[in-house]
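K.L.:
I have a structure here, written as structure tokens, and I will follow up with some questions on it.
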Amino acid sequence: MPEPEATGTERNTASPDTIPDSPPPTGGLSPKSVAAWVLVALIGAIGWGVLALSRGEEISAAWLLAAALGSYAIGYRFYARFISDRVLKVDKTRATPAERLDNGVDFHPTDRRVLFGHHFAAVAGAGPLVGPVLAAQMGYLPGTIWIVAGVIFAGAVQDMVTLFFSTRRDGRSLGQMARDEIGPVGGAAALIAVFAIMVILLAVLALVIVNALAHSPWGVFSIGMTIPIALFMGVYLRVLRPGRVTEVSVIGVALLLLAIVAGGWVAESSFASTFTLEKETLVVWMIVYGFIASVLPVWMLLAPRDYLSTFMKVGTIALMAVGVVLAMPTLKMPAVTDFAARGDGPVFAGSMFPFVFITIACGALSGFHSLVSSGTTPKMIQKETQVRVIGYGAMLTESFVAVMAIIAACIIEPGLFFAVNSPAGVIGTSVETASQAVTHFGFAISPEALAQAAKDVEETSLLSRTGGAPTFALGMSQIFSSVIGGAGLKAFWYHFAIMFEALFILTTVDAGTRVGRFMLQDTLGNVHKSFKDISWKPGVWLASAVVVGGWGYFLWVGVKDPLGGINQLFPLFGIANQLLAAVALAVCTTLLIKSGRLRWAWVTGVPLAWDVAVTLTASYQKIFSDDVKVGFFAQRDKYQTGIDAGKVLPPAKNMDEMHTVVTNATVDGALSALFALLIIIVLLDAARTCFKAISSPESVRLSEVPWTESKIVAPAGLIPTAEERAELAAAGLDSGGGRTKEPVA
């Protein structure tokens, strides 16, 4: 069957086999390069071999590190390059929307180093820190395999391919691309599902931040100071010293470190009460900040703040990796626990398949990333050739964060891990009852050890500190204190980690709000054409208000009511996020087929098939399972029976809360069914469109914009090659690149 060839009025824009195309890379690997890559492969293979073959004994966490880093290097150098050069055929001569539509607000060509920081900070939220920690319940091996293999073959591929196709469509949102390329039925289902899931994801992430920063003057001050620092950096790069990225980076990092240190001073000073905020106050400030970040020019606040945050994020994680190499902590958690087979774990219920792959989303495969890859980033990228480093590279970096999170969870004693991550209804509220419960799980720990662990980090108790963040902080403090300061600094490192996690997540909320604004404007643009211009001021303000109002409402109610608001929708977080990935991969696969790349459709088609199998299985179990710990409707029936019998069942404390639990379970079950149905509609319509494109190539129409010659010269990677340095020098530009009046030969 011949592959479909796109038709239309575009100038050679649809088919990857037509010119203009970037010339393929010339030359093979030198003997020295071959030797280096063989060594990298051997290091990774040995790491995997040790992890896979070790049973019943503790092994160094450094082997896990070696397996991950070796795999990442091979994946980026070979697989990502294959996709970029052979599958997508990125075109460095083609102008991006940032160049063609530059308006200094949403569209703005941004130095690839700054954009890498923005993209990484925007996608790296709570997921890579929390999901792997919770999944450690199953042992270190299942989660590690999914984190590394998942990102190389699914997550990073989704991010890069989505970014590429959105860039060729003026930065259109994922939902709008689905409508334009799949059809009105599947597109409408995608628009509804994507926006609803987006609001839920943002509210969940915001709740994590509120819980982390409440009553923490150190965290509030340090994170608050990143805003004026970012504004200064934005003005510095735009007005004072354009293009001086290295210069402003040094200044920004110095100010950031000062803000972190000053946060500790403030916490011990008379100003502490000023920065000690209640949860409700934090909600208000977050809503205000989210709105402002969404409407301000992207160069002024969002991009420099995310770039600045990336230094702290990547720097801290890199130091953790160095700490692992120096301290050589051992993995205390078994490779695979009994909970993996039984599916009755205290941290989360359900079997290893599908729930490990749902619990670990960010770091392996996350639908939220596709929203950023079709939101802010395609409107800022200088060259198509940069989709590899920004889309694939940033996702690998986030996956490395997830690897460090699973290491942090698995180097602490398993007994402590389960005491921290199990709910009070399972382990009780005292160290004695917790010790007994954890021992029953098969991991002994004494009451004295539980009390001492809390004392070491200056906490009154660590019991039932669920959510993953405290466990990550414990692991980080253990690694850092082993290298710097000893046990005396363990409390400092623990509280530093809590603040670090809040900063990690906040950058996702502000970027996500802006992406939500783009998404809503794209959707409204189908009704009123003025919204198609995403910089149209009335549309900007209205869409931003709707988005922050949506997640802000669920956040506010969730803070006021432990069983209401976003707490009601929290159980949908993992499945909804992975269903969103199914939409993105379906759109990417459809576009590969429609644009004449049928032979390469497996690149996104295989991850799509896996993700659909995982998410629809999980959705089915959450809807129909008879296990009250898994099935929403089973839980509803249990509590309704309790109401009928006049009994109050935990976690409810009274009959009103019993009714609330019944309502929540019913809503979650109904929404799970609705989201699954919408995704099935998208998949069926995508399959119809693909079949039509294959059987009738002449009917294919793409919404890709016409080819326009680029006048920007910029490197494809973070570090320019020798050829790129010569090209920049010929154009009279520094390593950041920029516009040139005449094309460079």
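Counted the way this note's numbering counts, the sequence shown spans residues -19 to 725.
Beta carbons are placed, not taken as given, at the ideal position from N, Cα and C, and that holds for glycine.
What does the Cβ neighbour count give for G468, buried or exposed, with the cut at 16 atoms within 10 Å?
P.N.:
Position 488 of the sequence shown, counting from 1, holds the residue named residue 468. Exposed, since its Cβ has fewer than 16 Cβ neighbours within 10 Å.
K.L.:
Report the start-end ranges of each beta strand (DSSP E) in the segment 7 to 89 that is 3 residues or longer and not cut off at the edges.
P.N.:
Listed in chain order, nothing qualifies, since the segment 7 to 89 has no complete beta strand (DSSP E) run of 3 or more residues.
K.L.:
Suppose you measure from the CA of V398 to the CA of P326; what does that come to, to the nearest Å?
P.N.:
Translated into the one-based positions of the sequence shown, residue 398 becomes position 418. Translated into the one-based positions of the sequence shown, residue 326 becomes position 346. Going by the sequence as given, residue 398 is Phe instead of Val. Each residue's alpha carbon lies about 8 Å from the other.
K.L.:
For L109 versus A385, is the C-beta distance shorter than 8 Å?
P.N.:
Counting from 1 along the sequence shown, the entry for residue 109 is found at position 129. Counting from 1 along the sequence shown, the entry for residue 385 is found at position 405. Yes, Cβ-Cβ distance for L109 and A385 is below 8 Å.
K.L.:
Tell me the DSSP secondary structure of R149 in three-state form.
P.N.:
Your numbering for residue 149 matches position 169 in the sequence shown. R149 falls in the coil class under three-state DSSP.
K.L.:
Quick check: the Cα distance between S2 and N547, rounded to an integer number of angstroms?
P.N.:
Here residue 2 corresponds to residue number 22 of the sequence shown, with the count starting at 1. Here residue 547 corresponds to residue number 567 of the sequence shown, with the count starting at 1. Residue confidence is low: S2 scores 44 on pLDDT, short of 50, so the model does not pin down where it sits. Its coordinate-derived value is still stated next. Rounded to whole angstroms, S2 to N547 spans 49 Å at the Cα level.
K.L.:
Which class does E689 belong to by DSSP, given the choice of helix, strand or coil?
P.N.:
The residue you call residue 689 lines up with position 709 of the sequence shown. It is a strand residue.
K.L.:
For I172, I'd like the list of residues in its chain whose CB is within less than 7 Å of its CB, leaving aside the five on either flank, ordered along the chain.
P.N.:
Position 192 of the sequence shown, counting from 1, holds the residue named residue 172. For I172, where only same-chain residues beyond five positions count, the Cβ hits under 7 Å are L658.
K.L.:
Answer yes or no: do P450 and L443 have a C-beta to C-beta separation smaller than 8 Å?
P.N.:
Here residue 450 refers to the residue found at position 470 of the sequence shown. Here residue 443 refers to the residue found at position 463 of the sequence shown. No, the pair does not count as a contact, with Cβ atoms beyond the cut-off.
K.L.:
On a Cα-Cα basis, can you pick out the residue from H475, D513, P700, G422 that is closest to Q117?
P.N.:
In the sequence shown, residue 117 corresponds to position 137, counting from 1. Closest by alpha carbon: G422.
K.L.:
Within its chain, find whatever has a CB closer than 7 Å to the CB of V200; leave out the 5 residues flanking it on each side and keep chain order.
P.N.:
Within the sequence shown, numbered from 1, the residue matching residue 200 stands at position 220. These residues qualify, in order along the chain: L193, F255, L257.
K.L.:
By DSSP, does T720 sit in helix, in strand, or in coil?
P.N.:
Translated into positions along the sequence shown, residue 720 becomes position 740. Coil, per DSSP.
K.L.:
Taking DSSP as the reference, what is the three-state secondary structure of I162?
P.N.:
As a first step, residue 162 is located in the sequence shown; it is residue number 182 there, counting from the start. DSSP places I162 in coil when its eight states are reduced to three.
K.L.:
Measure the alpha-carbon distance for Q156 versus V264 and round it to whole angstroms.
P.N.:
On the sequence shown, position 176 is the one that residue 156 refers to. On the sequence shown, position 284 is the one that residue 264 refers to. Computed Cα separation, rounded: 31 Å.
K.L.:
In this structure, how does DSSP classify T726 when only helix, strand and coil are distinguished?
P.N.:
This structure leaves residue 726 out entirely; the chain is present only between -19 and 725.
K.L.:
According to the Cβ coordinates, are R494 and A210 closer than 8 Å?
P.N.:
In the sequence shown, the residue the question calls residue 494 occupies position 514. In the sequence shown, the residue the question calls residue 210 occupies position 230. For R494 and A210, no; Cβs fall outside 8 Å.
K.L.:
Taking only three categories from DSSP, how would you classify T357?
P.N.:
Here residue 357 refers to the residue found at position 377 of the sequence shown. T357 falls in the helix class under three-state DSSP.
K.L.:
Would V463 and L182 be called neighbours here (beta carbons separated by less than 8 Å)?
P.N.:
Position 483 of the sequence shown, counted from the first residue, corresponds to residue 463. Position 202 of the sequence shown, counted from the first residue, corresponds to residue 182. Not a contact, by the Cβ cut-off of 8 Å.
K.L.:
Buried or exposed, going by whether 16 or more other CB atoms sit within 10 Å of the CB of M280?
P.N.:
Locating residue 280 in the sequence shown gives position 300, where the first residue counts as 1. Buried, by the Cβ-count rule.
K.L.:
Pick out the complete beta strand (DSSP E) segments inside the segment 218 to 243, 3 residues or longer, and give them in chain order.
P.N.:
Those beta strand (DSSP E) runs which fall completely within the segment 218 to 243 and span 3+ residues do not exist here.
K.L.:
Could you please give me the residues that DSSP links to T310 through a beta bridge?
P.N.:
In the sequence shown, counting from the first residue as 1, residue 310 sits at position 330. Looking at the DSSP assignment, T310 forms a beta bridge with S40.
K.L.:
Taking the alpha helix (DSSP H) that Q615 falls in, what are its first and last residues?
P.N.:
Reading the sequence shown from its first residue, position 635 is the one you call residue 615. Element bounds for Q615: 612 to 625.
K.L.:
Provide the residue span of the alpha helix (DSSP H) that contains M384, from first to last.
P.N.:
Position 404 of the sequence shown holds residue 384. 374 to 390 is the span of the alpha helix (DSSP H), which, as asked, contains M384.
K.L.:
Are A315 and G119 touching if we call contact CB-CB under 8 Å?
P.N.:
On the sequence shown, residue 315 is found 335 positions in, with the first residue counted as 1. On the sequence shown, residue 119 is found 139 positions in, with the first residue counted as 1. Going by C-beta atoms, A315 is nearer than 8 Å to G119.
K.L.:
Going by other Cβ atoms of all chains shown within 10 Å of its Cβ, with 16 needed for buried, is T90 buried or exposed?
P.N.:
As a first step, residue 90 must be located in the sequence shown, where it is residue number 110. Answer is buried; the Cβ neighbour count reaches 16.
K.L.:
Drop a sphere of 10 angstroms on the beta-carbon of A709, count the other beta-carbons inside from all chains shown, and report buried for 16 or more, exposed for fewer.
P.N.:
To locate residue 709, count along the sequence shown from 1; it is residue 729. A709 is exposed by the Cβ-count criterion.
K.L.:
Can you confirm whether K627, when its beta carbon is compared against all beta carbons of chain B, has any partner nearer than 8 Å?
P.N.:
The structure shown contains no chain B; it holds only a single protein chain.
K.L.:
Fully enclosed by the segment 247 to 326, which alpha helix (DSSP H) runs are 4 residues long or longer?
P.N.:
Qualifying alpha helix (DSSP H) stretches, in chain order: 259 to 275, 282 to 307, 319 to 322.
K.L.:
Would you check if there are 3 or more beta carbon pairs closer than 8 Å linking the segment 353 to 373 to the segment 31 to 38?
P.N.:
In short, these stretches do not touch, since the Cβ pair count stays below three.
K.L.:
Exposed or buried, which one is N634 when buried takes at least 16 other CB atoms within 10 Å?
P.N.:
The sequence position of residue 634 within the sequence shown is 654, counting from 1. N634 should be labelled exposed.
K.L.:
Take A598 and list the residues in its own chain whose beta-carbon comes closer than 6 Å to its own, dropping the five residues that flank it on each side.
P.N.:
Working through the sequence shown from its first residue, we reach residue 598 at position 618. The answer, listed in chain order, is P334, I338, I555.
K.L.:
Identify which residue in T446, E684, L95, G166 has its Cα closest to the Cα of G716.
P.N.:
Taking the first residue of the sequence shown as 1, we reach residue 716 at position 736. Per the Cα distances, L95.
K.L.:
Whose C-beta lies closer than 6 Å to the C-beta of T377 among residues of the same chain, with five residues either side of it excluded?
P.N.:
As a first step, residue 377 must be located in the sequence shown, where it is residue number 397. Cβ within range, chain order: F100.
K.L.:
State yes or no: is the C-beta of V693 within less than 8 Å of the C-beta of A666?
P.N.:
Position 713 of the sequence shown, counted from the first residue, corresponds to residue 693. Position 686 of the sequence shown, counted from the first residue, corresponds to residue 666. No, Cβ-Cβ distance for V693 and A666 is not below 8 Å.
K.L.:
Ignore the nearest five residues each way along the sequence and tell me which others in T6's own chain have a CB closer than 7 Å to its CB.
P.N.:
Counting from 1 along the sequence shown, the entry for residue 6 is found at position 26. Only weak support exists for where T6 lies, its pLDDT of 44 falling under 50; the value from the coordinates is given anyway. Excluding residues within five positions, none has a Cβ falling inside 7 Å.
K.L.:
Leaving out the 5 sequence neighbours to the left and right, which residues in its chain are closer than 7 Å to S605 when beta-carbon positions are compared?
P.N.:
One-based indexing of the sequence shown puts residue 605 at position 625. Taken in chain order, the residues that qualify are G611, A614.
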